[in-house]
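Enquirer: Pasting a structure below so you can have a look.
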């Protein structure tokens with residue numbers, strides 16, 4: 381994603397959040413929808429190898445292969461994320477899905 385498109389996406393998300401915050405006091409957006417908006421607009425954190433492992437083992441309770449399948453990435457990618465020496469970490473959709481699993485549990489993304 382180019383710098384300009386990232387900036388545009390960030391601006392759109394900020395404007396969506398601002399609109400939701402303006403609607404909430406008037407009862408035009410529910411607390412539940414507001415919480416969803418905050419989760420959507422919030423940028424995922426940068427995950428350390430320890431945190432990826434903690435989410436996979438402690439929260440999701442799945443193997444590296446299962447997590448890779450859920451996140452639509454290779455098993456090798458998950459292995460690299462969990463390895464301190466690799467310097468790799470989840471980004472994009474995988475980071476956002478990890479954030480959802482961390483906050484809401486695996487049930488939030490697996491039906």
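Numbering (my numbering), first residue to last: 381 to 491.
Note that beta-carbon positions come from the ideal geometry of N, C-alpha and C, so glycine has one too.
1. Please classify residue 477 as buried or exposed, where buried requires at least 16 other C-beta atoms within 10 Å of its C-beta.
2. With distances taken between CB atoms, is the gap from residue 404 to residue 397 smaller than 8 Å?
3. On the criterion of 16 or more Cβ atoms from any shown chain inside 10 Å, does residue 432 qualify as buried, or is it exposed?
4. Please look up how many angstroms separate the CB atoms of residue 424 and residue 464, rounded, as I've assumed it's under 8 Å.
5. Just mark residue 399 as buried or exposed, buried being the case when its beta carbon has 16 or more other beta carbons within 10 Å.
Expert: In this structure, then:
1. buried
2. no
3. buried
4. So it is not a contact: roughly 20 Å between Cβ atoms.
5. exposed
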